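Undergrad: Chains as they are written, first to last, in the numbering used here: chain E, 554 to 911; chain Y, 82 to 366; chain G, 2 to 365.
Glycine included, C-beta positions come from ideal geometry on N, C-alpha and C.
Bear in mind the structure is a predicted one, so any value in this text is a computation, not a measurement.
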Amino acid sequence: MKHSLMKKTVGTGLAFSLGMLAQGATADTLRLLTWSNYAPEKVIEMFEAETGHTVEVTSSNNEEMIAKLRATGGGGFDLAQPSQDRIAGPQAEFGIYKPIELDRIDSSQFIDSMLAATKANTTVGDDVYGVPHIWGTSGLVLDTAKAGMVKDYTDLCSDEVAGKVSYRLKRPTLIGFAYAMGLDPFAAYGDPAAYTEIMEAVEAKLIECKPNVKTYWGGGDELMGLMRSGEVVASMAWDTGGWKLNGDNPDITFVAPASGALGWIDTFVLPAKGKADDAAYDWINFVMRPEISAMITEAAGNFTASAGADEFASDTLKAQFQNSFPPEAIDNIKWYPPVPAGLETIEGGTLDRVKAAN
Amino acid sequence: MRNQARLGFYLLLTPLLLWLGLLIIIPHIDMALLSLRERVGVGRYASSLANYGTFFGEPLYMWTFARTAMMSVLATVITLIIAFPVSYYIAKMAKGRTQSALFLLCLVPFWVSELVRTFGWMILLRETGLFSSLLQWAGLADGPVEMLYNDAAMMVGLVYTSMLFMVVPLVTTLESLDDAVIEAGYDLGGSGFSVLREIVIPHAMPGIVSGSIVVFMLSLGNYLTPTMLGGKDSLWFTELIYSQFIVRFNWELGAAFGFMLLFLSSVIVWGTLRLTGQTLEKTMG
Amino acid sequence: MATDLDCNTLTKRFGDTTAVRDVSFSVEQGSFFSILGPSGCGKTTIMRMIAGFLEPTGGDIRIKGKSMLNVPPNKRPVNMVFQHLALFPMMNIAENIGYGLRRAGLPKPEITRRVGEVLERVNLPGIENRKVDELSGGQKQRVAIARCMVLEPDVLLLDEPLGALDLKLREHMKIELKALQATFDTTFVYITHDQSEALVMSDQIAVMNGGVFEQVGTARDLYYRPDTAFVAGFVGDSNRWRGKVEQADGDRIALRTAEGLLINSATQGRDLRPGEEAEIFLRPEAIRVAHDSADLAQFDNRISGEVSSLLFNGAASRILVRDEIGEEIEVTLPQSGEFANLAKGAPVHIGWGGDQTTCFASRG
Chain E
554 MKHSLMKKTV
564 GTGLAFSLGM
574 LAQGATADTL
584 RLLTWSNYAP
594 EKVIEMFEAE
604 TGHTVEVTSS
614 NNEEMIAKLR
624 ATGGGGFDLA
634 QPSQDRIAGP
644 QAEFGIYKPI
654 ELDRIDSSQF
664 IDSMLAATKA
674 NTTVGDDVYG
684 VPHIWGTSGL
694 VLDTAKAGMV
704 KDYTDLCSDE
714 VAGKVSYRLK
724 RPTLIGFAYA
734 MGLDPFAAYG
744 DPAAYTEIME
754 AVEAKLIECK
764 PNVKTYWGGG
774 DELMGLMRSG
784 EVVASMAWDT
794 GGWKLNGDNP
804 DITFVAPASG
814 ALGWIDTFVL
824 PAKGKADDAA
834 YDWINFVMRP
844 EISAMITEAA
854 GNFTASAGAD
864 EFASDTLKAQ
874 FQNSFPPEAI
884 DNIKWYPPVP
894 AGLETIEGGT
904 LDRVKAAN
Chain Y
82 MRNQARLGFY
92 LLLTPLLLWL
102 GLLIIIPHID
112 MALLSLRERV
122 GVGRYASSLA
132 NYGTFFGEPL
142 YMWTFARTAM
152 MSVLATVITL
162 IIAFPVSYYI
172 AKMAKGRTQS
182 ALFLLCLVPF
192 WVSELVRTFG
202 WMILLRETGL
212 FSSLLQWAGL
222 ADGPVEMLYN
232 DAAMMVGLVY
242 TSMLFMVVPL
252 VTTLESLDDA
262 VIEAGYDLGG
272 SGFSVLREIV
282 IPHAMPGIVS
292 GSIVVFMLSL
302 GNYLTPTMLG
312 GKDSLWFTEL
322 IYSQFIVRFN
332 WELGAAFGFM
342 LLFLSSVIVW
352 GTLRLTGQTL
362 EKTMG
Chain G
2 MATDLDCNTL
12 TKRFGDTTAV
22 RDVSFSVEQG
32 SFFSILGPSG
42 CGKTTIMRMI
52 AGFLEPTGGD
62 IRIKGKSMLN
72 VPPNKRPVNM
82 VFQHLALFPM
92 MNIAENIGYG
102 LRRAGLPKPE
112 ITRRVGEVLE
122 RVNLPGIENR
132 KVDELSGGQK
142 QRVAIARCMV
152 LEPDVLLLDE
162 PLGALDLKLR
172 EHMKIELKAL
182 QATFDTTFVY
192 ITHDQSEALV
202 MSDQIAVMNG
212 GVFEQVGTAR
222 DLYYRPDTAF
232 VAGFVGDSNR
242 WRGKVEQADG
252 DRIALRTAEG
262 LLINSATQGR
272 DLRPGEEAEI
282 FLRPEAIRVA
292 HDSADLAQFD
302 NRISGEVSSL
312 LFNGAASRIL
322 VRDEIGEEIE
332 VTLPQSGEFA
342 NLAKGAPVHI
352 GWGGDQTTCF
362 ASRG
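(1) Mapping the DSSP letters down to three states, classify residue 792 of chain E as helix, strand or coil.
(2) In chain Y, what lies closer than 7 Å to residue 105 of chain G by C-beta?
(3) Please name the residue, chosen from G/240, G/245, G/209 and G/244, that lies closest to residue 228 of chain G on a Cα-to-Cα basis.
(4) Quick one: what does DSSP say residue 78 of chain G is sitting in, helix, strand or coil?
(5) Does the beta carbon of residue 154 of chain Y come closer than 9 Å to any beta carbon on chain G?
(6) Closest by CA to residue 771 of chain E, which one among E/746, E/797 and E/725?
(7) Count the other C-beta atoms from every protein chain shown that fall within 10 angstroms of the C-beta of residue 625 of chain E, then say buried if there are 16 or more, exposed otherwise.
(8) Closer than 9 Å by beta-carbon distance: list the chain Y residues that pair up with residue 620 of chain E, in chain order.
(9) In the stretch 768 to 829 of chain E, which residue ranges form an unbroken alpha helix (DSSP H) of at least 4 residues, counting only runs that do not cross its ends?
(10) Nearest-angstrom Cα distance between residue 159 of chain G and residue 91 of chain G?
(11) Counting C-beta neighbours from all protein chains within 10 Å, is the total for residue 104 of chain Y 16 or more, i.e. buried, or is it exposed?
(12) Closer than 9 Å between beta carbons: that is the criterion. Which residues of the stretch 164 to 181 of chain Y meet it against chain G?
(13) Residues of chain Y with CB under 7 Å from residue 786 of chain E, in chain order?
(14) Since residue 121 of chain G and residue 94 of chain G are thought to touch, with beta carbons under 8 Å apart, how far apart are those beta carbons, to the nearest angstrom?
(15) Note down, in chain order, each residue of its chain lying with its Cβ closer than 8 Å to the Cβ of residue 806 of chain E, except the 5 sequence neighbours on either side.
(16) Measure the CB-CB distance between residue 513 of chain E and residue 652 of chain E and report whether it falls below 9 Å.
(17) DSSP three-state label for residue 574 of chain E, please.
(18) Three or more C-beta pairs closer than 8 Å, one from the stretch 133 to 151 of chain Y and one from the stretch 259 to 266 of chain Y: is that the case here?
(19) With 8 Å as the limit, tell me which residues of the stretch 131 to 160 of chain G have their beta carbon closer than that to any beta carbon of chain Y; keep them in chain order.
(20) Of the residues E/905, E/611, E/584 and E/708, which one's Cα is nearest the Cα of residue 590 of chain E?
(21) Taking only beta-carbon atoms, is residue 89 of chain Y less than 9 Å away from chain G?
(22) Mind listing which residues of the stretch 187 to 201 of chain G have their C-beta closer than 7 Å to chain Y's C-betas, in chain order?
(23) If the cut-off is 9 Å on Cβ atoms, which residues from the stretch 51 to 81 of chain G count as contacting chain Y, listed in chain order?
(24) Grab me the residues of residue 187 of chain G's own chain with a C-beta within less than 6 Å of its C-beta, minus the 5 sequence neighbours each way, in chain order.
(25) So, are the CB atoms of residue 329 of chain Y and residue 753 of chain E less than 9 Å apart?
(26) Going along chain G, which residues have a C-beta under 7 Å from residue 262 of chain Y?
(27) Count Cβ pairs between the stretch 349 to 362 of chain G and the stretch 290 to 310 of chain G that sit closer than 8 Å; are there 3 or more?
(28) For residue 59 of chain G, which of helix, strand or coil comes out of DSSP?
(29) Would you please state the rounded distance, in angstroms, between the beta carbons of residue 786 of chain E and residue 717 of chain E? I believe it to be under 8 Å.
(30) Using a Cβ cut-off of 9 Å (strictly closer), state whether residue 371 of chain G contacts chain Y.
(31) Anything in the stretch 116 to 134 of chain Y with a Cβ closer than 8 Å to a Cβ of chain E? List those residues in chain order, please.
(32) Please specify which runs of the alpha helix (DSSP H), each continuous and at least 4 residues long, are wholly inside the stretch 265 to 296 of chain Y, giving them in chain order.
(33) Counting pairs of Cβ atoms below 8 Å between the stretch 227 to 238 of chain Y and the stretch 310 to 323 of chain Y, do you hit three or more?
(34) Go ahead and pull the three-state DSSP assignment for residue 742 of chain E.
(35) For the stretch 765 to 797 of chain E, list every residue whose C-beta sits within 8 Å of some C-beta in chain Y, in sequence order.
(36) Nearest by alpha-carbon distance to residue 647 of chain E: which of E/887, E/826 and E/899 is it?
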């Protein structure tokens with residue numbers, strides 16, 4: 554016991570001094586608020602060994618991340634990873650982030666177009682608040698043997714899959730259905746009246762569709778269970794979920810809907826009261842290295858914004874991606890624009906009414 | 082000597098005051114203030130009663146609360162009906178080791194977290210679950226039977242979760258009933274039913290009331306069980322509060338909902354106490 | 002005379018233990034019958050079988066000639082006053098007493114009238130609306146009896162109902178219970194371990210030990226003519242010796258105790274032969290005390306000794322006399338005051354007639 558403690562102390566000390574030499578900075582504890590699988594154990598070990606910082610991970614989702622940061626006024630964490638469309642609105646409303654010092658980031662490691670798009674979407678005033686990390690899409694996960702006829706979100710309401718479909722009762726579903734119904738919700742983001750109109754149409758459709766739904770899933774594991782057991786044959790879901798299930802059952806896979814998959818990018822942001830900015834920048838620069846990014850892709854199932862990481866990605870994942878996304882489907886991806894503050898209230902009313910409908 | 086006694090008094094009082102103040106009163110004041118403001122623009126707020134207006138103005142919210150309250154009352158009644166014979170058996174019929182063993186059995190579900198307990202029910206009730214398979218195996222059903230995602234499944238979960246909180250006060254009050262009093266009831270010509278109605282139930286009333294209050298409040302405030310077992314139609318009031326706070330970032334409305342829950346549930350408990358002629362002092366004392 | 006309660010070879014076994022073995026007895030109508038015995042003797046078991054809370058293993062219970070086997074407790078013409086009375090704490094006095102009448106389906110005015118009447122008879126008129134815990138111990142006692150008597154049972158069972166009262170009140174309630182029994186003219190079956198309760202109140206007493214009745218008789222019978230050594234020892238106080246019969250001559254024997262004292266005794270018809278082990282009982286009040294041995298010439302047992310202890314208790318004062326061998330004998334002092342200033346260590350002479358003692362062959 555004592556021996557190992559000694560070893561650990563020496564080890565930490567060594568790493569500490571190495572870190573001092575290498576970067577001229579002090580070692581910190583990095584409190585990371587992120588999604589599950591975005592910070593694999595192995596990557597953390599390598600990072601701690603190289604920089605001397607220690608990493609504490611809290612797994613969460615978009616809404617909880619923002620709620621947590623709002624509750625503390627942007628404290629309690631040093632680095633968070635909300636989606637790029639959820640940064641500008643909450644920042645304007647609650648001021649929970651601090652601007653990114655772009656010169657402390659090695660921008661050569663990023664895919665240029667993605668970095669530029671994220672910077673544009675997360676700019677409030679003159680400051681940039683987010684840089685991209687992982688991206689992916691949401692669309693349809695199907696058991697192609699049983700629900701091959703489902704081509705778009707609205708097909709989930711057809712009689713052929715009655716009682717065997719599922720989706721989340723959250724905003725991506727509203728947006729997805731709106732596109733599938735031929736509407737353009739993103740274009741109406743800035744116009745509350747038009748947006749309300751779109752939401753009313755979607756609400757009517759979802760209420761009409763409700764008898765078809767087995768249950769509204771709440772978490773990824775729940776959806777996996779439903780699909781694996783065959784209780785659900787078609788669902789709205791993230792691409793990674795479909796690819797994971799594909800490994801177990803070749804019939805099940807992710808399909809980009811006809812109206813287009815919805816593209817999201819999870820970012821790096823600095824909470825307003827974060828205390829370990831140095832460690833946070835170190836972490837960003839570390840995980841964006843192509844070989845590290847590939848490791849994260851392997852764990853999370855999604856691709857990163859790291860330039861050149863594709864080379865390191867596994868062949869299975871590449872094949873799955875190409876199957877789900879023929880070139881025209883990639884062009885058809887609809888990227889979430891920033892959500893204006895207050896939009897959630899309109900959507901909230903819609904979701905509440907759908908939930909309450911019989 | 083006197084100073085010492087006074088010091089002791091303050092030392093004992095301090096944890097209570099800290100607990101009340103820091104964990105109950107101050108957060109509630111904060112919530113009350115929060116519920117009384119309205120967002121008028123980006124990052125700007127004004128005080129108003131708009132949030133309470135939303136609660137009363139949107140039938141959906143009233144309806145959800147009414148449904149939650151009704152279902153909680155139903156859960157309480159079912160729990161009572163099941164727990165009473167169980168408690169009677171434990172308190173009056175089982176002896177020695179059997180008694181403690183049975184009591185412990187009631188406690189066993191609480192050794193795992195509520196989440197695990199609820200997952201257990203999902204495994205049993207789902208379409209590809211144990212009950213469905215058993216029914217098919219026994220030839221009672223032709224195809225898979227979905228027993229999850231409806232109000233009945235939700236009720237099962239609520240009753241299961243609440244059982245212990247009804248059994249404990251019932252066993253305690255029933256144990257204090259002298260066996261001779263029950264025998265006297267029979268001896269003087271009472272039937273089993275009249276002894277139950279005139280002697281056992283009146284004696285157990287404080288236990289019934291305190292158990293019912295606890296179970297009602299627990300059901301009303303439950304979040305996991307209704308959302309997980311109830312499925313697409315669950316619609317529980319706590320779900321509304323959760324989504325206002327976490328999903329909609331609308332803390333103001335969430336706080337107002339929270340206060341309405343506190344207020345309306347207090348009214349229901351108070352009304353029931355008045356109706357049954359019980360007082361809180363009698364029940365807790 | 003007619004009997005209200007007849008038990009015939011009543012037996013109750015719990016697993017391997019026999020709590021009541023082949024007990025038979027009859028209780029006359031309107032009489033006060035007591036079962037007296039130490040705790041664990043089986044008396045409560047008998048009572049619970051009569052009330053219907055226990056099913057006999059064998060034998061029969063008849064009330065007014067009808068067998069009560071397989072009749073549930075609420076259908077038996079028997080009511081019971083419980084040890085701790087078991088008044089219903091959730092009801093007031095009128096509701097307590099009216100409970101049985103309500104169960105019998107009587108109309109309300111009738112119930113009110115009869116509750117009032119029975120309270121009158123137990124001398125507690127007008128307490129209908131009081132709560133149970135507002136009454137004194139004695140009042141509760143009477144309410145418990147009224148609650149049963151209002152149903153006019155054939156037999157009233159009382160399970161040591163005076164046990165919880167303090168001494169003074171207990172003495173008072175003994176007399177009152179007897180009077181109540183006379184007023185109601187109902188058959189009472191009373192169980193107790195307190196011999197004075199049984200002796201004072203009962204017409205007939207059964208002394209019970211180890212699951213069987215040792216003797217059934219009047220208080221007088223039990224006190225003066227015990228059938229067994231257990232009854233002689235259990236009822237009243239006695240000096241008790243164990244020894245070997247040295248001489249047997251018709252209805253008289255001489256017994257040598259283990260310590261060496263020789264006692265002459267009448268056999269009361271019991272067959273005791275020389276060499277047999279026997280027990281002799283002698284009441285303290287049957288012994289005469291004298292300052293001079295000449296005063297005791299008429300007695301065939303005479304002992305000289307000294308006062309080793311004075312047990313002053315008013316009218317029931319006693320002394321302990323130590324004889325030459327060192328044995329102590331308990332003697333009641335006469336009321337006359339003749340020995341009022343007897344001191345510890347003073348020499349005294351005691352004597353008694355052989356017909357005052359009771360002797361039994363030792364069991365086992």
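TA: Result, derived from the coordinates:
(1) In the structure shown, the three-state DSSP call for residue 792 of chain E is helix.
(2) 270
(3) Of the candidates G/240, G/245, G/209 and G/244, the one whose C-alpha sits nearest the C-alpha of residue 228 of chain G is G/209.
(4) Coil at residue 78 of chain G, not helix or strand.
(5) no
(6) E/725
(7) exposed
(8) 326, 327, 328, 330 and 332
(9) Within the stretch 768 to 829 of chain E, the complete alpha helix (DSSP H) runs of at least 4 residues are 773 to 781 and 792 to 801.
(10) Put simply, the backbone Cα of residue 159 of chain G is about 23 Å away from that of residue 91 of chain G.
(11) exposed
(12) Hits within the stretch: zero.
(13) Here the premise fails: no neighbours, minimum Cβ distance about 12 Å.
(14) Not a contact, Cβ separation roughly 13 Å.
(15) 694, 695, 697, 795, 796, 798, 799, 873, 876 and 877
(16) Only positions 554 to 911 of chain E appear in the structure, and residue 513 of chain E is not among them; the question remains open.
(17) Low local confidence applies: a pLDDT of 42 at residue 574 of chain E is under 50, so the model's placement there is unreliable, and no value is given.
(18) no
(19) 148, 149 and 152
(20) E/611
(21) no
(22) none
(23) 52, 53, 54, 73, 74, 75, 76, 77, 79, 80 and 81
(24) 157
(25) no
(26) 87 and 89
(27) yes
(28) strand
(29) Going by Cβ atoms, the distance from residue 786 of chain E to residue 717 of chain E rounds to 5 Å, so yes, they are a contact pair.
(30) Since the displayed chain G opens at 2 and closes at 365, residue 371 of chain G lies outside it and no answer follows.
(31) 120, 123 and 124
(32) 273 to 276
(33) yes
(34) coil
(35) Only 766, 767, 768, 769, 771, 782, 783 and 784 from the stretch 765 to 797 of chain E bring a Cβ to less than 8 Å from some Cβ of chain Y.
(36) Per the C-alpha coordinates, the member of E/887, E/826 and E/899 positioned closest to residue 647 of chain E is E/826.
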